[in-house]
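K.L.:
Residue numbers (numbering that gives the first Met the number 0): 0 to 83. For every residue, glycine included, the Cβ atom is placed at its ideal position computed from N, Cα and C.
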Amino acid sequence: MSADPSGLRRPRHPIPDFVMTALNERGLMKAYKARPAYQQNDYIGWINQAKRQETREKRLRQMLDELEAGGVYMNMKHPASERA
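1) Just the Cα atoms here: how many angstroms apart are N74 and T54?
2) Starting from the Cα of Q38, find the closest Cα among E24, M62, A68 and E81 and give me that residue.
3) By how many angstroms is the C-alpha of L59 removed from the C-alpha of R34?
4) Counting only runs that start and end within the region 47 to 80, where is the alpha helix (DSSP H) found for 4 or more residues in a row?
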């Protein structure tokens, strides 16, 4: 495993094209990149682990909505990510 500049100690999930497209279309790439590396990785892993397409889409929508709203991570309060 090569050194990850983010300090993440577990394997990093690559961002799938459909997630990248959704982030760009909603203008949320900056909000995504502002999240800690573990959150970025957890979101992508969580979305990718879904077996059914509809579940992947539901999880993607949740991630996008949370990034847009700020202050939420995996349905939990996350004050550090609140939007000004």
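P.N.:
Put simply:
1) N74 and T54 have their C-alpha atoms some 16 Å from each other.
2) Nearest to Q38 by alpha-carbon distance, out of E24, M62, A68 and E81, is M62.
3) Each residue's Cα considered, the two are about 16 Å apart.
4) 52 to 68
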